[in-house]
Every structure is written in structure tokens, then in C-alpha cells.
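With the working numbering, the residue at position 282 of the sequence shown is 282, and numbering never jumps.
One structure is given here, and the rest of the page talks about it.
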Amino acid sequence: MIELVNVEKTYSSQKGDTTAIENINLSINDGDIYGIIGLSGAGKSTLVRCINLLEQPTKGSVIIDGEDLTKVSNKRLLQIRQNIGMVFQHFNLLQQRTVEDNVRFPLEIAKKHKSKEAKDRVAELLQLVGLSEKAKSYPAELSGGQKQRVAIARALATSPKYLLCDEATSALDPQTTESILELLKKINQSLGVTVIIITHEMKVIEKICTKVAVIDNSHIVEMGNVSDVFADPKSEIARQLIIPDLIRATAEKTGDIKLRLIFNGEETDKPLISALALDLGVSVNILYADTKHYNGKPYGHMVITFPDSDEAYKKVTTYLTNNHVAFKKEL
Ligand SMILES: Nc1ncnc2c1ncn2[C@@H]1O[C@H](COP(=O)(O)OP(=O)(O)OP(=O)(O)O)[C@@H](O)[C@H]1O
Ligand SMILES: [Mg+2]
Numbered sequence: 001m002i003e004l005v006n007v008e009k010t011y012s013s014q015k016g017d018t019t020a021i022e023n024i025n026l027s028i029n030d031g032d033i034y035g036i037i038g039l040s041g042a043g044k045s046t047l048v049r050c051i052n053l054l055e056q057p058t059k060g061s062v063i064i065d066g067e068d069l070t071k072v073s074n075k076r077l078l079q080i081r082q083n084i085g086m087v088f089q090h091f092n093l094l095q096q097r098t099v100e101d102n103v104r105f106p107l108e109i110a111k112k113h114k115s116k117e118a119k120d121r122v123a124e125l126l127q128l129v130g131l132s133e134k135a136k137s138y139p140a141e142l143s144g145g146q147k148q149r150v151a152i153a154r155a156l157a158t159s160p161k162y163l164l165c166d167e168a169t170s171a172l173d174p175q176t177t178e179s180i181l182e183l184l185k186k187i188n189q190s191l192g193v194t195v196i197i198i199t200h201e202m203k204v205i206e207k208i209c210t211k212v213a214v215i216d217n218s219h220i221v222e223m224g225n226v227s228d229v230f231a232d233p234k235s236e237i238a239r240q241l242i243i244p245d246l247i248r249a250t251a252e253k254t255g256d257i258k259l260r261l262i263f264n265g266e267e268t269d270k271p272l273i274s275a276l277a278l279d280l281g282v283s284v285n286i287l288y289a290d291t292k293h294y295n296g297k298p299y300g301h302m303v304i305t306f307p308d309s310d311e312a313y314k315k316v317t318t319y320l321t322n323n324h325v326a327f328k329k330e331l
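This is how it looks when you write it as C-alpha cells:
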């Protein structure tokens, strides 16, 4: 388990101090695929680099499996780091080394590269990431997606329990992104590695994460299960990141009553909109809809409008309440 307690990082320079993250409290459970999302400059990279102490926090504790990394010796820190793999946006491969020598590199640092096991480990990792036939190639001979696969294999060489990914798919096209996310999911499920994913793209979170923390302006403004945050983002920044179209829909001036319906996993077996129109006789328009099913249950939002009258408002809201659909009146 990874626990960040009141973590703060302030960079000092001649131009003054920059507090990149402040008051960060976060728990990441073993087995999670934990997403951290935010805009550029929000503090995401700083946060993830504090997890393996590539950045020394100015304040607070970083506790991994009960041990506070800010308090251990350098020697111990190096040991702990072998348990935390890291993958970067620009792959950071060693250009003069072949694919297999890149993957072997962490084993060399750990002085475990000479054994037969090390050789087998490299072959096994290349197979895991689907690059066995590129073992003797150099990074320059690979596509972006292949480079990231090598970087992932390298990050896993010392069999870490945790894998940190800082914008690991940001330099890749959508299709390659999908395949790398699939690989990360496979690593999580088959090897039990806890994966922490930093991104500015909601689709990355949506695709594989179980938990999410939203970071804005150095602070965590929202966190929880992806399905809950997705269904009802509370902070303005989460709303912007998750459903930019919803913002436009709710801002549109129509003169009608506008309700945002929030589907939060409650079963809705009835055809809601047609029931409003046919059973209640209220002529409802859908201004926006983005609902998805997770484990067979509906999540997401719909914005509906109907002509402004107290009677219609009462009818519709009573109907929604009786059918366990949460709603919010938008102005
Ligand atoms: N080494 C550094 N020295 C001084 N300031 C820094 C340093 N690293 C980051 N910062 C500042 O800290 C803030 C957060 O930066 P950080 O790199 O963590 O953001 P980010 O969310 O990862 O952004 P991006 O999505 O662009 O990668 C920024 O204002 C940045 O300028
Ligand atoms: Mg960054």
C-alpha cells in the first residue's frame, strides 16, 4: 500500500518559490489501477516523483508498505526503489543498447544480471510485452508503441510491486494508446502489479483505472471510484476534464427547464424518456447524453429540457425520484 500524508513539494530558485503540490493525502491499495488526472502544470509529475522519492518532499510522509521513505537510509531507499518501476512519456531508453540490453539494465544495477535467471527473465519480459522478435534491435529501429513496450518491460525487470506511469501514452496515437493500456491492464491482472497512471486524458482513466484523483493547482480536489467521479464530478475541473460537452450543454440558454440526470449505477429498467413523454405528457428534449454501463449498471449524465411550468417540473421530478434517478436543476 502507498500512502501519501500531507505531502508538499516546494521548488526554490533565485526567482522565488514554486509550490508544485500541497496538502496531498492519498492512499493507493495493492491491486489498484489508480489514475491521477489534471491539466498541465497541476503538479502530477511532481506528485508521482515524490512516490519513489525522485523528488524529496518538502513536507509530509511517503509510506510504502508501512515504511516512511522520507526517513530511511539511502541504501534502503535504493532497495525499495527496485520495488517501484517507472515509465515515462518519452520512453527514456538507452539508444546505444539493444532492446534486450535495455530490459537487462535494471538487473545490472541490482547486480543480478549474470545469472541464467536474468537471461530467462529478459526473455520472459519481452514475451510479455510482445517483442521477442525485436530483442536484438536498437530503440531507433522501433515505433513509439514498441519503445514504450520496451520501457515497460525494463520497468518490470526487478519484479516490482508498483508501476508508476507518467503520461506513458501521451506521445502515442489513439490505437497504440489502447494497446499500451491493454498491456498495463494485463500486467495488473496477471502479475498483480499495482499501477499508478498519470494523465491529462480522461479516456485513459475511463479505460483502465479503478480509482481516480483529480489534481488542480497543486491540490487534490476530488477522488474516489472512477464510476462515482465519472457519474457525478463535483469539482469544476473534473467536470471540464470528464465531460467537456456537458459543460456546453448545461450552459446553453434555452428558456426551458433544464435538468441534469445522474445515473449512478441504480437499475433503471424503464425507458425513462419515453415514459416522461407518454405517461406524463411532458414533451422532453434530450440536450446531451453520455451514459455508459459498468458491470451492467448505468453511469453517466443526461441533460433534458422541457417547457417551463410548475406542474411539469413537479411531475417530472416526482417521477425521477420514484425511479431512483438523481437529478440537478441547471440554470
Ligand atoms: N524542477 C523544478 N523546479 C522548479 N519548478 C518546477 C520544477 N518541476 C516542476 N516545477 C513547477 O511545478 C509545477 C508543477 O509541475 P509538474 O511538472 O508537476 O506538473 P504536471 O502536472 O506534471 O504538468 P504536465 O502535464 O505539463 O507534465 C509547475 O508550476 C512547474 O513549473
Ligand atoms: Mg508532467
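Virtual Cβ for every residue (Gly too), placed ideally from N, Cα, C.
On a predicted model such as this, the values are computed, not experimentally measured, just so you know.
Which residues in the same chain as residue i place their Cβ atom closer than 7 angstroms to its Cβ, once the five residues preceding and following it in sequence are excluded?
i	result
Cys209	Ile33, Tyr34, Gly35, Ile197 and Val226
Asn188	Ile33 and Val195
Pro106	Arg154, Ala157 and Thr158
Asp65	Met1
Phe186	Before going on, a small fix: residue 186 reads as Lys here, not Phe. Contacts found: none.
His90	Ala171
Which whole-angstrom value is the C-beta distance of residue i and residue j, which I expect to be below 8 angstroms?
i	j	result
Thr46	Ile63	Contact doesn't hold; Cβ gap of about 18 angstroms is too wide.
Ile180	Ala171	10 angstroms between Cβ atoms; not a contact.
Leu290	His301	Here the sequence assigns Asp to residue 290, which means Leu is not the residue at that position. Between His301 and Asp290 the Cβ distance is about 6 angstroms, and since that is below 8 angstroms, they are a contact.
Ile205	Ile24	That pair is no contact at about 18 angstroms.
Given a cut-off of 8 angstroms, decide if residue j and residue i are closer than it, judged by their beta-carbon atoms.
i	j	result
Ile304	Leu246	no
Asp362	Phe88	A question about residue 362 goes unanswered here, because the residues of the chain that appear run from 1 up to 331.
Val282	Lys315	yes
Leu332	Met202	The chain is shown from 1 up to 331; residue 332 falls before or after that span and cannot be answered.
Lys297	Gly265	yes
Arg149	Val129	yes
Gly38	Val214	yes
Asn322	Leu272	no
Gly60	Val7	yes
Gly43	Ser218	yes
Gln82	Ala118	no
Leu93	Lys147	yes
Please classify residue i as buried or exposed, where buried requires at least 16 neighbouring CB atoms within 10 angstroms.
i	result
Leu191	exposed
Lys136	exposed
Ile286	exposed
Asp308	exposed
Asp17	exposed
Arg49	buried
Thr250	buried
Lys9	buried
Thr333	With the chain covering 1 to 331 only, the question about residue 333 has no answer from this structure.
Short of 6 angstroms in beta carbon distance, which residues of its chain neighbour residue i, apart from the five on each side in sequence? Order them along the chain.
i	result
Ile84	Asn52, Pro160 and Tyr162
Thr176	Gly145
Excluding the 5 residues preceding and the 5 following residue i in the sequence, name in chain order all residues of the same chain whose CB lies nearer than 8 angstroms to its CB.
i	result
Leu184	Ile33, Ile152, Leu163, Cys165, Ala168, Val195, Ile197 and Ile208
query: Counting Cβ pairs closer than 8 angstroms, one from the region 51-62 and one from the region 225-241, do we hit at least three?
result: When C-beta atoms of the region 51-62 are compared with those of the region 225-241, fewer than three pairs fall below 8 angstroms, so the two segments do not count as touching.
- prompt: Any contact of the region 322-331 with the region 247-259, i.e. 3+ C-beta pairs under 8 angstroms?
  reply: yes
- prompt: Using 8 angstroms as the threshold, is the region 128-142 in touch with the region 90-108, meaning 3 or more CB pairs across them?
  reply: yes
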